[in-house]
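For the sequence shown, our numbering begins at 82 and goes up steadily by one. Here the structure is laid out as structure tokens; the discussion comes afterwards.
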Amino acid sequence: MYINNNLRYSVLERTSNQSFQALRIEIHFDNKKNVIFGIIYRQCNSPETFLSYFENAREKYSIKKKPVFVLGGSI
């Protein structure tokens with residue numbers, strides 16, 4: 082994930098295992114709601130592990146009442 086140096090942000094999560102890799106950040110704005118961005122790369126194995134993670138993460142970040150964007154990555 083490329084993040085412009087002019088943006089203020091914090092890393093919320095950095096996860097890597099045999100099923101997927103995920104990175105979530107929160108971009109901080111002075112006059113608007115902060116925005117959460119995530120990028121996820123799912124490997125070809127263990128779709129159940131990935132789906133469980135994805136559903137839990139969706140619930141965890143949606144309760145923050147901020148816009149959430151999820152991007153997918155592939156090789």
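Backbone N, C-alpha and C define an ideal beta-carbon position, used for all residues, glycine too.
Selection PHE118, SER143 and TYR134 evaluated against MET82 yields PHE118 as nearest (Cα-Cα). Residue pairing of ARG89 in beta bridges, as defined by DSSP: HIS109.
Only buried fits GLU107, as 16 or more other CB atoms lie within 10 angstroms of its CB.
In chain order, ILE121 place their CB closer than 8 angstroms to the CB of PHE135, counting only its own chain and leaving out the 5 sequence neighbours on each side. Separation of the CB atoms of ASN115 and LYS147 is rounded to 5 angstroms, and the pair is thereby assigned contact status at 8 angstroms.
Here ARG89 is exposed. Its C-beta has fewer than 16 other C-beta atoms within 10 Å.
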